[in-house]
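3 is the number of the first residue of the sequence shown in this note's numbering; add one for each residue after it.
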Amino acid sequence: MSGEGDIPQAIRKLAPGQLVIASHNSGKVREIAELLGPYGIEPVSAADLDLPEPEETGTTFVANAELKARIAADLSGLPALADDSGLCVDALGGDPGIFSARWAGESKDFGHAMRLVEDRLNEEPDQPRDAHFVCALALAWPDGHVEWFEGRVDGTLVWPPRGGNGFGYDAMFLPVGGTETFGEMDADAKHAVSHRADAFRQLVAAVL
3 MSGEGDIPQA
13 IRKLAPGQLV
23 IASHNSGKVR
33 EIAELLGPYG
43 IEPVSAADLD
53 LPEPEETGTT
63 FVANAELKAR
73 IAADLSGLPA
83 LADDSGLCVD
93 ALGGDPGIFS
103 ARWAGESKDF
113 GHAMRLVEDR
123 LNEEPDQPRD
133 AHFVCALALA
143 WPDGHVEWFE
153 GRVDGTLVWP
163 PRGGNGFGYD
173 AMFLPVGGTE
183 TFGEMDADAK
193 HAVSHRADAF
203 RQLVAAVL
């Protein structure tokens, strides 16, 4: 297992073939499929396999990713990769954090979620707008073995949101040193710097 800043030391390699992407978020599935494309992996989403969307009861990104990966691997009989990620805003004590998707409600309205973040920041004048995205990846096999990796990208929040690319909170997140939000970047530019790409670099080095 590996975490942010560690040299990946995987116990098991992932063989080419089918891999379940344990997510019902089409944006995440698309990004993960793009990142896996060069490695002979055949991604299939949990939605395509009609797998249930488990309740995320973990208290950390890693715990939730592992929970989702283990369930998908067990039900499908295939290796499964799960991502748990979110936006952590310093001035909000790390919120929305692991509850990032839940702030968007059952309708997955991230326009509402971004507005909620902005409203919370505006409750006190001159709140700092520092934030970071975290991505935890858990790779589980049907026999119960799990590898995990965690990536991070730091930035600030802008308002109003900018750009129609990406998903989630991307349109209000400006990475450190950047001039475009994740919502304005094309896929290649985002993959070069994102939290998900950081975690994937660790995963690729360890298991592929």
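In this text, a Cβ means the ideal position worked out from N, Cα and C, and glycines have one as well.
Report task. Taking only the alpha-carbon atoms, compute the straight-line gap between Val91 and Phe101 and give it to the nearest angstrom. Result -> Position 89 of the sequence shown holds residue 91. Position 99 of the sequence shown holds residue 101. Cα to Cα, Val91 sits roughly 12 Å from Phe101.
Query raised in the report: Roughly how many angstroms lie between the CA atoms of Glu6 and Ala208, to the nearest whole one?
Result: Residue 6 sits at position 4 when you count from the first residue of the sequence shown. Residue 208 sits at position 206 when you count from the first residue of the sequence shown. Caution is warranted here: a pLDDT of 44 is assigned to Glu6, below 50, making its placement in the model unreliable, and the coordinate value is therefore given only provisionally. Put simply, the backbone Cα of Glu6 is about 13 Å away from that of Ala208.
Report task. Determine the DSSP secondary structure at Phe135, reduced to helix, strand or coil. Result -> In the sequence shown, the residue the question calls residue 135 occupies position 133. Three-state result, Phe135: strand.
Report task. Have a look at Pro130 and Ala93 and give me their C-alpha separation to the nearest angstrom. Result -> Start at 1 with the first residue of the sequence shown, and residue 130 comes out as number 128. Start at 1 with the first residue of the sequence shown, and residue 93 comes out as number 91. Distance between the alpha carbons of Pro130 and Ala93 is about 6 Å.
Query raised in the report: For Ala84, which residues of its own chain have a beta-carbon under 6 Å away from its beta-carbon, when the five flanking residues on both sides are left out?
Result: The residue given as residue 84 occupies position 82 in the sequence shown. The residues are Ala24, Ala67, Lys70, Ala71 and Ala140.
Query raised in the report: Is Leu80 helix, strand or coil by DSSP?
Result: Here residue 80 refers to the residue found at position 78 of the sequence shown. The answer is coil: DSSP assigns Leu80 none of H, G, I, E or B.
Report task. Inspect the beta-carbon positions of Glu126 and Ala201 and report whether they are closer than 8 Å. Result -> Here residue 126 refers to the residue found at position 124 of the sequence shown. Here residue 201 refers to the residue found at position 199 of the sequence shown. Not a contact, by the Cβ cut-off of 8 Å.
Query raised in the report: What separation, rounded to the nearest whole angstrom, lies between the Cα atoms of Asn27 and Asp128?
Result: The residue labelled residue 27 in the question sits at position 25 within the sequence shown. The residue labelled residue 128 in the question sits at position 126 within the sequence shown. Whole-angstrom Cα-Cα distance: 34 Å.
Report task. Would you tell me roughly how many angstroms separate the C-alpha atoms of Asn124 and Phe63, rounded to the nearest one? Result -> Stepping through the sequence shown from its first residue, residue 124 is reached at position 122. Stepping through the sequence shown from its first residue, residue 63 is reached at position 61. Approximately 27 Å, taken between the alpha carbons.
Query raised in the report: Roughly how many whole angstroms lie between the Cα atoms of Ala103 and Leu176?
Result: If you number the sequence shown from 1, residue 103 lands on position 101. If you number the sequence shown from 1, residue 176 lands on position 174. Separation of Ala103 and Leu176 (C-alpha to C-alpha, rounded to the nearest whole angstrom) is 19 Å.
Query - Ser47 versus Thr181 - alpha carbon distance - result: What you label residue 47 is simply residue 45 of the sequence shown in a count that begins at 1. What you label residue 181 is simply residue 179 of the sequence shown in a count that begins at 1. For Ser47 and Thr181, the gap between their C-alpha atoms comes out near 33 Å.
Query raised in the report: Quick one: is Pro81 buried, meaning 16 or more other Cβ sit within 10 Å of its Cβ, or exposed?
Result: As a working note, residue 81 is residue 79 in the sequence shown. Label assigned to Pro81: buried.
Requested in this report: Spatial neighbours of Lys192 within its chain, please: CB distance less than 6 Å, with the 5 preceding and 5 following residues excluded, ordered by chain position.
Outcome: To locate residue 192, count along the sequence shown from 1; it is residue 190. Once the five neighbours on either side are set aside, the close Cβ partners of Lys192 are Phe184.
Query - Between the CA atoms of Leu53 and Lys15 - distance to the nearest angstrom - result: Counting from 1 along the sequence shown, the entry for residue 15 is found at position 13. Counting from 1 along the sequence shown, the entry for residue 53 is found at position 51. When rounded, the distance between both Cα atoms is 25 Å.
Report task. Kindly indicate which residue of Tyr41, Glu120 and Phe169 has the alpha-carbon position closest to the one of Met187. Result -> Position 185 of the sequence shown, counting from 1, holds the residue named residue 187. That would be Phe169, whose Cα lies nearest to the Cα of Met187.
Query raised in the report: In the structure shown, what three-state DSSP assignment does Asp121 receive?
Result: As a position in the sequence shown, residue 121 is number 119, starting the count at 1. In this structure, Asp121 counts as helix in the three-state DSSP scheme.
Query raised in the report: Taking the continuous beta strand (DSSP E) assigned at Gln20, which residues delimit it?
Result: Taking the sequence shown and counting its residues from 1, one reaches residue 20 at position 18. Segment Gly19 to Ile23, the beta strand (DSSP E) holding Gln20.
Query raised in the report: Bridge partners of Thr158, per DSSP?
Result: On the sequence shown, position 156 is the one that residue 158 refers to. Answer is Asp132 and Leu176.
Query raised in the report: Whole-angstrom Cβ separation of His197 and Ser87, contact assumed at under 8 Å?
Result: As a working note, residue 197 is residue 195 in the sequence shown. As a working note, residue 87 is residue 85 in the sequence shown. The Cβ separation is near 6 Å, so the contact holds.
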